Amino acid sequence: MKQSTLFGLLVLVIRRDLVLAMRRRADVLTTLIFFVMVVSLFPLGVGPEMSMLRKMAPGVLWVAALLSSMLSLGRLFSADYLDGTLEQMMLAPQSLSMLVLGKMAAHWMVSGLPLVLMAPVLGLQFDMSAQALGVLIIGLLLGTPVLSMVGAIGAALTLGLRGGGVLLSLLVLPLCIPVLIFGSGAVEAVSTGLSVASHLSLLGALLVLALVFTPWVTAQALRISME
Amino acid sequence: MAINWFKYSAPTTFYGLAGKLIPWFALSAALLFAIGLYIGFVVAPVDAQQGEFYRIIFIHVPSSILSMFLYMIMAGYAALGLIFNTRLSAMMATAIAPTGALFAFISLWTGALWGKPMWGAWWVWDARLTSELILLFLYLGFIALHASIDDARRADRASALLAIVGSVNVPIIYFSVKWWNTLHQGSTIKFTGTSMHVAMQQAMFTMLAACWLYAIAIVLARVRSIILERERNTTWVSELPEVRS
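Rendered as structure tokens:
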């Protein structure tokens, strides 16, 4: 009976998606490896000068996080769509928005959280200070869920389309620009001695806004794609 | 006299109305373009600081204004289509997108042409330029999504939702880009202060009106083609004189 409550439903969906992700660990690892690779390519592209790399680090890490989260978004609904689970979920009497929120949360834990944990190690390659690394982690913790949530709208809209992956990035990347700006701006503020609080507050505001609206919008998008 | 406004929300009746309206909008657009360009190039004096270069604003400013307004109008039609399930609204949204993208592109292009002699650079990462570029991306995303869905109904509804999400996001993007720019201490050149000469104002407003009329004419023409394409299997389309011949 406990599972009929909204929170119980949320936990159920998250647990299900996490189990599924753990059965296909390679998918999770490829996203992470992609992130590490993109970040490591930048010094090779622009040269090993530490002063320049230190300055570029926040932007590079954030852009790489943005790109690798795009990479895994295609899988958010497609497996459930192909085997018919998604249809059953939509027929379920429970709120579709809540189900979608659960899937978003699981997606973030699988593809966003590893990036957050990996970022400080990569930051050290770019000789970032401990303080900057701390802000980077807080920023990524606040920002990557937004990427998962806004991305879910795009994933729902492009469900089952040919060339869905590229199209998805085309739709979602412009919408993610504010996250990128405030996220890397926060880290930059550390190095210029400005207050970090404003950037992090704005990131938090974006997170709250996304948390309220995106599950519902994604549910509507799924209904459009599935009808 | 009570007019039934909803009569023209049906593609069947709107097709005829649009056909009658297009020549008027197109002619007045051409006339106003001619007047606006004449005032802009001949009557308006040379600017004290910018010389002849400033004249590009007569096309740059109207196209920037239109690119932004058209996105909001497009999102408005998209919302109408989603809420009331009217086919024509979705077709209007689809018809507006290419014109909006065109104006965004013209705005960026003419901005670059103006920036080279004025700022000494084709492109600066100014807040306005950057948000205009992102606006162009949003238009392209809308068009790409609509083009990649074969089922017309799903294409309409999916791209409508995207347009609405985009329109909610536009202010957020605009302000984030603005703050990002001030943080980075970007370009310090701003065009403020100097009051405009009367002839310059006249040229600007005439060109703005001309661009509006052009946009309306072209959108109506495009929506007519969309109606024909979507309704090609219906009797009323096959009975149209232009289709039968």
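Just so you know, the protein sequences line up as chains B and R, in that order.
Residue numbers are given in this note's numbering: position 11 of the first sequence equals residue 11, and the series is strictly consecutive.
Residue numbers are given in this note's numbering: position 186 of the second sequence equals residue 1186, and the series is strictly consecutive.
Cβ coordinates follow ideal geometry from the N, Cα and C atoms, glycine included.
The structure presented is a predicted model; accordingly, all values stated were derived computationally and were not measured.
Cutoff 6 Å; reference residue i; Cβ partners in own chain excluding five residues on either side
{"i": "B:Leu-202", "result": "Phe-182"}
{"i": "R:Leu-1161", "result": "none"}
{"i": "R:Arg-1207", "result": "According to the sequence shown, residue 1207 of chain R is Met rather than Arg. These residues qualify, in order along the chain: Gly-1036, Phe-1058 and Pro-1062."}
{"i": "B:Met-149", "result": "Met-104, Ala-210 and Thr-214"}
{"i": "R:Ile-1143", "result": "Ala-1097"}
{"i": "B:Gly-185", "result": "His-199"}
{"i": "B:Ala-132", "result": "Val-187 and Val-190"}
{"i": "R:Ser-1009", "result": "Thr-1086 and Leu-1088"}
Which of helix, strand or coil DSSP assigns to residue i
{"i": "R:Gly-1186", "result": "Unreliable positioning characterises R:Gly-1186 in this predicted model, as indicated by a pLDDT of 45, which lies under 50. The coordinate reading is nonetheless provided below. R:Gly-1186 falls in the coil class under three-state DSSP."}
{"i": "B:Gly-74", "result": "coil"}
{"i": "B:Asp-80", "result": "helix"}
{"i": "R:Gly-1282", "result": "This structure leaves residue 1282 of chain R out entirely; chain R is present only between 1001 and 1245."}
{"i": "B:Leu-163", "result": "Note that residue 163 of chain B is Gly in the sequence shown, not Leu. Note: B:Gly-163 maps to coil in three-state DSSP."}
{"i": "R:Gly-1120", "result": "coil"}
{"i": "B:Asp-127", "result": "coil"}
{"i": "R:Asp-1047", "result": "strand"}
{"i": "R:Gln-1202", "result": "helix"}
{"i": "R:Thr-1013", "result": "helix"}
{"i": "B:Val-28", "result": "helix"}
{"i": "B:Ala-21", "result": "helix"}
{"i": "B:Ile-87", "result": "Sequence inspection shows Glu at residue 87 of chain B; the Ile mentioned does not correspond to that position. It is helical."}
{"i": "R:Asn-1085", "result": "coil"}
{"i": "B:Trp-108", "result": "helix"}
{"i": "B:Leu-173", "result": "coil"}
{"i": "R:His-965", "result": "This structure does not reach residue 965 of chain R, given that chain R is present from 1001 up to 1245, and the question cannot be answered."}
{"i": "B:Gln-94", "result": "coil"}
{"i": "R:His-1197", "result": "coil"}
{"i": "R:Ser-1159", "result": "helix"}
{"i": "B:Pro-227", "result": "Residue 227 of chain B is actually Glu in this sequence, not Pro. Here B:Glu-227 sits in coil by DSSP."}
{"i": "B:Pro-48", "result": "coil"}
{"i": "R:Asn-1169", "result": "helix"}
{"i": "R:Arg-1232", "result": "coil"}
{"i": "R:Thr-1110", "result": "helix"}
{"i": "R:Leu-1240", "result": "coil"}
{"i": "R:Trp-1212", "result": "helix"}
{"i": "B:Ser-191", "result": "helix"}
{"i": "R:Trp-1125", "result": "coil"}
{"i": "R:Ser-1245", "result": "coil"}
{"i": "B:Thr-158", "result": "coil"}
{"i": "B:Gly-196", "result": "Checking the sequence shown, residue 196 of chain B turns out to be Val, not Gly. Reduced to three states, the DSSP call for B:Val-196 is coil."}
{"i": "B:Thr-5", "result": "coil"}
Close Cβ partners of residue i (< 8 Å) along its chain, the five nearest in sequence each way excluded
{"i": "B:Val-217", "result": "Ile-153"}
{"i": "R:Val-976", "result": "Residue 976 of chain R lies beyond the residue range present for chain R, which begins at 1001 and ends at 1245; the question has no answer from this structure."}
{"i": "B:Met-52", "result": "Val-46"}
Within chain A, partners of residue i - CB distance below 8 Å
{"i": "R:Val-1124", "result": "Among the protein chains in the structure shown, which are B and R, there is no chain A."}
Own chain partners of residue i with C-beta closer than 7 Å, once the 5 adjacent residues on each side are dropped
{"i": "B:Ala-221", "result": "Ile-153, Ala-156 and Leu-157"}
{"i": "B:Arg-54", "result": "Phe-126, Asp-127 and Met-128"}
{"i": "B:Thr-144", "result": "Ala-65, Ser-69, Trp-108, Gly-112, Leu-115 and Val-116"}
{"i": "R:Trp-958", "result": "Within the shown structure, residues of chain R are numbered from 1001 to 1245, placing residue 958 of chain R beyond reach of any answer."}
{"i": "B:Ala-189", "result": "Ser-195, Val-196 and His-199"}
{"i": "B:Thr-31", "result": "Ser-68, Leu-71, Ser-72 and Ser-111"}
Residues in the stretch 174-187 of chain B having any Cβ partner in chain R nearer than 8 Å: Considering only beta carbons, the part of the stretch 174-187 of chain B lying closer than 8 Å to chain R consists of Pro-174, Leu-175, Ile-177, Pro-178, Ile-181, Phe-182 and Gly-185, in chain order.
Stretch-stretch touch, CB-based, cutoff 8 Å, three pairs: the stretch 72-84 of chain B with the stretch 37-50 of chain B: The way I'd put it, the stretch 72-84 of chain B doesn't touch the stretch 37-50 of chain B; fewer than three beta-carbon pairs between them come closer than 8 Å.
Contact between the stretch 1050-1066 of chain R and the stretch 1139-1153 of chain R (3+ Cβ pairs under 8 Å): Judged by pairs of C-beta atoms under 8 Å, the stretch 1050-1066 of chain R does not touch the stretch 1139-1153 of chain R, as fewer than three such pairs exist.
Contact residues within the stretch 1161-1174 of chain R, judged by C-beta distance below 9 Å to chain B: Cβ contacts with chain B come from Leu-1161, Leu-1162, Ile-1164, Val-1165, Gly-1166, Val-1168, Asn-1169, Ile-1172 and Ile-1173.
At least 3 beta-carbon pairs within less than 8 Å: the stretch 1194-1213 of chain R vs the stretch 1016-1023 of chain R: As far as the Cβ criterion goes, the stretch 1194-1213 of chain R does not touch the stretch 1016-1023 of chain R, which means the pair count is below three.
Inter-stretch contact at 8 Å, needing at least 3 Cβ pairs: the stretch 1093-1100 of chain R / the stretch 1026-1040 of chain R: No contact exists between the stretch 1093-1100 of chain R and the stretch 1026-1040 of chain R.
Contact between the stretch 131-150 of chain B and the stretch 1126-1134 of chain R (3+ Cβ pairs under 8 Å): Verdict: no, contact absent.
contact_flag[the stretch 23-38 of chain B, the stretch 64-72 of chain B] where n(CB pairs < 8 Å) is 3 or more: A contact exists between the stretch 23-38 of chain B and the stretch 64-72 of chain B.
At least 3 beta-carbon pairs within less than 8 Å: the stretch 1005-1014 of chain R vs the stretch 1162-1172 of chain R: They do not touch, by the three-pair rule.
Cβ contact check for the stretch 1056-1070 of chain R and the stretch 1106-1116 of chain R: 3 or more pairs under 8 Å: Contact annotation: the stretch 1056-1070 of chain R touches the stretch 1106-1116 of chain R, with at least three C-beta pairs closer than 8 Å.
Residues of the stretch 197-225 of chain B whose Cβ lies closer than 7 Å to any Cβ of chain R, in chain order: Result list: Val-217, Gln-220, Ala-221, Ile-224 and Ser-225.
Within 8 Å of chain B by C-beta, residues of the stretch 1113-1142 of chain R in sequence order: Taking 8 Å as the Cβ-Cβ cut-off against chain B, the residues of the stretch 1113-1142 of chain R that qualify are Ile-1134, Phe-1137, Leu-1138, Leu-1140 and Gly-1141.
Cβ-based contacts, 8 Å cut-off: residues of the stretch 1222-1240 of chain R near chain B: Identification of residues in the stretch 1222-1240 of chain R having a C-beta nearer than 8 Å to some C-beta of chain B yields an empty set.
Three-pair Cβ contact test at 8 Å for the stretch 1116-1127 of chain R versus the stretch 1076-1093 of chain R: Verdict: no, contact absent.
Positions along the stretch 1054-1069 of chain R whose CB lies within less than 8 Å of some CB in chain B: Answer set for the stretch 1054-1069 of chain R: empty.
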